Ligand SMILES: [Zn+2]
């Protein structure tokens, strides 16, 4: 099976900061920029507004999630 390829947006750093650090930074940044599925209208239009704030560009639904990916937090549910 072929290894999954990610776009290397850490290439801008050149040889600096170490390969491991660049790889980890790359994975986080990909999650941040990626569009996610809206929990209300199910369209893949959710983008990050700021840290922990996510908004659907289709229906305008704004919700809190994780800092780098929109994790749906269910409060009071174990
Ligand atoms: Zn939506």
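Residue numbers (this note's numbering): 1045 to 1122.
By construction, the Cβ of each residue, glycine as well, lies at the ideal position given by its N, Cα and C atoms.
Model, not experiment: these values are computed from the prediction.
Could you compute how far the alpha carbon of residue 1077 sits from the alpha carbon of residue 1056?
Between residue 1077 and residue 1056, the alpha-carbon positions lie close to 16 Å from each other.
Cut-off 6 Å between Cβ atoms - residues of its own chain near residue 1080, not counting five sequence neighbours on either side
Here the set comprises 1090 and 1114.
Report the residue from 1102, 1084, 1048 and 1067 whose alpha carbon sits nearest the alpha carbon of residue 1116.
With distances taken between Cα atoms, residue 1116 lies closest to 1084.
Please check if any C-beta of chain B sits within less than 8 Å of the C-beta of residue 1067.
Looking at the structure shown, chain B is missing, and only one protein chain is on hand.
Closest by C-alpha distance to residue 1108, when choosing among 1051, 1048, 1086 and 1082
The shortest CA-to-CA distance from residue 1108 to any of 1051, 1048, 1086 and 1082 is the one to 1082.
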